[in-house]
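So the protein sequences, as listed, match chains L and F.
For the record, in the first sequence the residue sitting at position 108 is 234 according to the working numbering, with numbers rising by one throughout.
For the record, in the second sequence the residue sitting at position 43 is 169 according to the working numbering, with numbers rising by one throughout.
C-beta: ideal position from N, C-alpha, C; glycine also.
Predicted, not measured: the structure shown is a model, and the values here were computed from it.
Below: one structure, written as structure tokens.
Protein chains: 2
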Amino acid sequence: MTFPPEAGAGGQRRAAVVGLGLIGGSIGLGLRRLGWHVTGRDHDPARATRALQVGAVDAIGADPAAEVTFIATPVGAVAGAARQALAAGPGVVTDVGGVKASVVAAVDDPRFIGGHPMAGSELEGVDGADADLFTGAAWVLTPTPTTAPDAFGLVHGTVSALGADVVAVDPARHDAIVAVVSHVPHLTAAALMGVAAGHAQDQEGLLLRLAAGGFRDMTRISAGPAGIWPDVCNDNAPAITAVLDELVSELERLRTIVAGRRRSDLVAALERARDARLAMPAGGTRRTADVVEVRVPVANRPGVMMEVTVLASELGVNLEAFETVDATEADRGMIILVVAAAAAARFRDALVAKGYHPTVRPVG
Amino acid sequence: MTFPPEAGAGGQRRAAVVGLGLIGGSIGLGLRRLGWHVTGRDHDPARATRALQVGAVDAIGADPAAEVTFIATPVGAVAGAARQALAAGPGVVTDVGGVKASVVAAVDDPRFIGGHPMAGSELEGVDGADADLFTGAAWVLTPTPTTAPDAFGLVHGTVSALGADVVAVDPARHDAIVAVVSHVPHLTAAALMGVAAGHAQDQEGLLLRLAAGGFRDMTRISAGPAGIWPDVCNDNAPAITAVLDELVSELERLRTIVAGRRRSDLVAALERARDARLAMPAGGTRRTADVVEVRVPVANRPGVMMEVTVLASELGVNLEAFETVDATEADRGMIILVVAAAAAARFRDALVAKGYHPTVRPVG
Numbered sequence: 127m128t129f130p131p132e133a134g135a136g137g138q139r140r141a142a143v144v145g146l147g148l149i150g151g152s153i154g155l156g157l158r159r160l161g162w163h164v165t166g167r168d169h170d171p172a173r174a175t176r177a178l179q180v181g182a183v184d185a186i187g188a189d190p191a192a193e194v195t196f197i198a199t200p201v202g203a204v205a206g207a208a209r210q211a212l213a214a215g216p217g218v219v220t221d222v223g224g225v226k227a228s229v230v231a232a233v234d235d236p237r238f239i240g241g242h243p244m245a246g247s248e249l250e251g252v253d254g255a256d257a258d259l260f261t262g263a264a265w266v267l268t269p270t271p272t273t274a275p276d277a278f279g280l281v282h283g284t285v286s287a288l289g290a291d292v293v294a295v296d297p298a299r300h301d302a303i304v305a306v307v308s309h310v311p312h313l314t315a316a317a318l319m320g321v322a323a324g325h326a327q328d329q330e331g332l333l334l335r336l337a338a339g340g341f342r343d344m345t346r347i348s349a350g351p352a353g354i355w356p357d358v359c360n361d362n363a364p365a366i367t368a369v370l371d372e373l374v375s376e377l378e379r380l381r382t383i384v385a386g387r388r389r390s391d392l393v394a395a396l397e398r399a400r401d402a403r404l405a406m407p408a409g410g411t412r413r414t415a416d417v418v419e420v421r422v423p424v425a426n427r428p429g430v431m432m433e434v435t436v437l438a439s440e441l442g443v444n445l446e447a448f449e450t451v452d453a454t455e456a457d458r459g460m461i462i463l464v465v466a467a468a469a470a471a472r473f474r475d476a477l478v479a480k481g482y483h484p485t486v487r488p489v490g
Numbered sequence: 127m128t129f130p131p132e133a134g135a136g137g138q139r140r141a142a143v144v145g146l147g148l149i150g151g152s153i154g155l156g157l158r159r160l161g162w163h164v165t166g167r168d169h170d171p172a173r174a175t176r177a178l179q180v181g182a183v184d185a186i187g188a189d190p191a192a193e194v195t196f197i198a199t200p201v202g203a204v205a206g207a208a209r210q211a212l213a214a215g216p217g218v219v220t221d222v223g224g225v226k227a228s229v230v231a232a233v234d235d236p237r238f239i240g241g242h243p244m245a246g247s248e249l250e251g252v253d254g255a256d257a258d259l260f261t262g263a264a265w266v267l268t269p270t271p272t273t274a275p276d277a278f279g280l281v282h283g284t285v286s287a288l289g290a291d292v293v294a295v296d297p298a299r300h301d302a303i304v305a306v307v308s309h310v311p312h313l314t315a316a317a318l319m320g321v322a323a324g325h326a327q328d329q330e331g332l333l334l335r336l337a338a339g340g341f342r343d344m345t346r347i348s349a350g351p352a353g354i355w356p357d358v359c360n361d362n363a364p365a366i367t368a369v370l371d372e373l374v375s376e377l378e379r380l381r382t383i384v385a386g387r388r389r390s391d392l393v394a395a396l397e398r399a400r401d402a403r404l405a406m407p408a409g410g411t412r413r414t415a416d417v418v419e420v421r422v423p424v425a426n427r428p429g430v431m432m433e434v435t436v437l438a439s440e441l442g443v444n445l446e447a448f449e450t451v452d453a454t455e456a457d458r459g460m461i462i463l464v465v466a467a468a469a470a471a472r473f474r475d476a477l478v479a480k481g482y483h484p485t486v487r488p489v490g
């Protein structure tokens with residue numbers, strides 16, 4: 127099968143969205159702005175009706191003809207909804223949940239690609255939906271050795287069209303990373319706020335009046351709804367508890383330093399954190415106008431597509447576009463990746479080191 | 127002595143600033159914009175020269191005729207610089223350090239009032255100075271039973287003129303509060319960043335690319351210079367270690383909940399944090415146009431001024447203005463406080479409960 131199956135027919139492209147909250151609604155708004163026909167549903171009929179009212183979907187219900195179906199339910203409901211969508215039609219299915227290994231293992235289908243847009247908002251529900259929510263944001267896709275390359279290409283193209291920068295990552299590695307950059311920070315914000323709330327009761331409100339920008343920054347995410355977290359913590363408990371242990375250990379190390387008035391150790395710890403923070407990329411990933419095509423002839427064996435795309439992500443090379451040529455039809459195929467010209471040599475060298483024979487050429 | 131000693135003479139009001147970094151420079155810029163003459167010095171002559179170049183001071187050096195001297199050095203140098211300024215002239219002296227009990231105890235002078243503007247910036251040095259840095263920010267003053275009321279009134283009026291909202295707090299209580307809302311959050315940001323930096327090395331940069339807004343918010347303050355922290359942690363170690371213990375205990379509680387997949391306990395913890403965060407005042411304290419005068423006849427005994435101003439802060443009542451009438455000259459005096467009309471009844475009732483006989487009247 128090639129994707130998109132209907133794209134060449136001149137008809138309107140079709141997508142489906144299951145779960146019409148902030149993320150599902152934003153996907154619907156974004157795809158409709160691109161001219162797609164979007165069908166959506168939600169277990170809560172009132173939410174589906176509201177999504178229709180705000181223009182996030184064209185129609186309520188299922189669409190067996192959808193090229194791509196986005197599962198935007200809570201994490202605990204993704205696997206069931208994904209299997210249902212895969213059974214209902216020939217299109218590809220992806221999700222937006224914050225934990226990936228459990229879902230990818232549970233669904234295990236060449237047409238399912240785990241996904242996780244690294245974008246959000248303190249708003250809740252489809253009324254907070256925004257067609258520009260994903261502009262410039264990283265959107266993780268988690269291909270596996272059994273993922274169909276053209277299915278990956280279709281999802282890649284669709285989320286890129288929504289303005290996101292695709293980062294391909296192994297599902298387990300994604301989960302380890304988000305424990306560090308999302309799940310544990312969220313729990314830490316809640317813990318800090320909890321400690322402050324305990325003191326605030328004794329201080330008759332004075333404490334929170336004196337909380338300046340730093341404290342506000344550090345606790346802002348604790349103002350978000352609790353709803354998604356039981357599922358996330360359930361599915362990613364091993365990684366989360368491991369990182370919590372590291373954080374507690376680091377806090378206890380700092381406590382010992384403070385209690386012992388060990389000035390130079392304190393400065394060293396703070397300088398290390400400062401250097402790391404200053405070295406962070408300014409705002410997600412960046413698109414560039416100056417791009418080239420990297421063409422990679424590949425054997426049609428499992429895992430090639432995953433290896434190539436994950437390699438790009440590990441090198442910090444954005445996949446501006448991704449396309450496969452005959453990769454599933456013949457014994458050998460071609461993967462075409464569009465990357466920043468400045469990164470092309472680095473990416474090519476890494477591919478050569480893995481035994482590939484890439485060529486780099488101007489786009490077009 | 128009454129303050130300001132020179133204000134009635136028609137001459138230009140005079141201030142001095144010791145330590146010409148971000149905060150000292152911002153005070154200088156703000157006071158000069160208000161028409162004051164500002165003399166400043168710094169142990170680094172190059173910094174003093176730069177402060178003169180950017181217009182933060184009129185002159186470099188000491189000014190024995192300064193009505194008010196701001197000590198804006200690192201915390202460890204405040205007590206010495208404050209004693210020197212008190213010995214050099216008859217004016218009042220205040221500081222801007224992040225820890226108060228140790229400094230207030232070390233200086234122990236009726237003309238010294240501990241202060242702490244709750245404003246800052248990731249910028250460093252006088253080149254980051256901004257005359258508007260304090261606009262709308264809380265500025266803690268820490269009167270003691272021996273503080274001269276008119277000295278308090280002069281500092282109050284000066285920092286209010288810089289745009290800040292004065293909050294009067296007992297020095298030890300200030301230190302306990304900032305351990306919760308500033309010092310431990312800062313160490314936590316550094317610990318989180320340290321944990322992430324450790325993982326980032328293994329993940330070849332992928333991790334930091336996937337760090338979205340929440341992680342950025344939570345680690346932003348770790349990008350600040352380490353310079354002030356050894357002094358702060360040294361002077362406030364007992365409060366900081368106590369709050370670190372509470373935070374670690376709360377993180378371990380959350381770890382147990384996550385490991386045990388205890389969904390309802392997790393939701394309860396997150397909802398508690400959420401409620402507290404949503405209940406935080408939106409942005410520091412608020413000025414209001416609708417104010418009244420509360421006049422409080424007081425016995426000229428130690429601690430009255432502190433009791434009245436701290437009571438206002440505890441009730442969340444902003445002191446829009448503060449004035450003393452004859453409080454140090456006669457056996458009985460009067461404290462005049464300007465507060466929001468909406469808060470006047472609450473403040474009056476609390477004063478009555480403490481045995482005062484306040485009257486409330488329109489301003490002017």
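Asked	Found
CB contact flag (L155/L, A232/L, <9 Å)	no
Under 8 Å (Cβ pairs) to chain F, residues found in the region 346-368 of chain L	R346, I347, S348, A349, G350, P351, A352, W355, P356, C359, N360, A363, I366, T367
Counted within 10 angstroms of its Cβ, other Cβ atoms place D221/L as buried (16 or more) or exposed	buried
Min CB distance S228/L to chain F below 9 Å	no
With 16 other Cβ atoms within 10 Å as the buried cut-off, status of D168/L	buried
T268/F: first and last residue of the uninterrupted beta strand (DSSP E) it sits in	264-268
Inter-stretch contact at 8 Å, needing at least 3 Cβ pairs: the region 263-278 of chain F / the region 389-396 of chain F	no
For A338/L and C302/F, believed in contact at Cβ under 8 Å, the rounded distance	Note that residue 302/F corresponds to Ala in the displayed sequence, not to Cys. With 8 Å as the limit, A302/F and A338/L do not qualify as a contact, their Cβ atoms being about 16 Å apart.
Cα-Cα separation between V219/F and R237/F, rounded to whole angstroms	6 Å
Coarse secondary structure for I239/F, derived from DSSP in three states	strand
Test: A471/L CB closer than 9 Å to a CB of chain F	no
DSSP-derived helix/strand/coil call for H163/F	strand
Contact under 9 Å by Cβ, A185/L with A294/L	no
Expected contact under 8 Å - CB spacing of D357/L and V201/L to nearest Å	4 Å
Sequence-distant residues of its chain with Cβ nearer than 6 Å to V204/F (five each side left out)	I197, D221, G223, V229
Limits of the beta strand (DSSP E) - the one that A142/L falls within	140-144
Interface flag, M344/F vs chain L, CB-CB below 9 Å	yes
Interface positions of the region 319-339 of chain L facing chain F (Cβ-Cβ less than 8 Å), listed along the chain	M319, G320, V321, A322, A323, G324, H325, A326, Q329, E330, G331, L332, L333, L334, R335, L336, A337, A338, G339
Proximity test, Cβ basis, 9 Å: V281/L and chain F	no
V295/L at chain F interface by Cβ criterion, 9 Å	yes
Stretch pair the region 307-327 of chain L + the region 376-390 of chain L: three plus CB contacts closer than 8 Å	no
Every unbroken alpha helix (DSSP H) inside the region 294-333 of chain F [4 residues or more]	297-304, 310-328
Residue from A227/F, T195/F, T199/F with nearest C-alpha to L117/F	This structure cannot speak to residue 117/F, because chain F is shown only from 127 to 490.
Within chain F, partners of N460/L - CB distance below 8 Å	Checking the sequence shown, residue 460/L turns out to be Met, not Asn. Neighbours of M460/L on chain F: none; closest Cβ ~26 Å, over 8 Å.
Distance CB(I239/L)-CB(P269/L) smaller than 9 Å	yes
Length of the line joining the Cα atoms of R335/L and T175/L	41 Å
Below-9 Å beta-carbon distance, M244/L vs any chain F residue	yes
Nonlocal neighbours in the same chain, by C-beta distance under 8 Å from M319/L, ignoring five residues either side	T345, S348
Exposure label - L404/F; buried when at least 16 CB within 10 Å	exposed
Near-chain F residues of the region 425-447 of chain L (beta-carbon distance less than 8 Å), N- to C-terminal order	S439, E440, L441, G442
Neighbour flag for D371/F against chain L, beta carbons, 9 Å	yes
Pick from C359/F, G151/F, V369/F that is closest to G386/L, judged by C-alpha positions	C359/F
Sheet register partners of F278/F (DSSP bridge)	Its beta-bridge partners do not exist; DSSP assigns none.
Buried or exposed by the 16-neighbour rule on C-beta atoms within 10 Å, applied to H483/F	exposed
Closer than 8 Å at the beta carbon, the chain L residues around T314/F	T314, L318, M344, L377
CA nearest to the CA of V306/L, picked from A352/F, M432/F, R342/F, R139/F	R342/F
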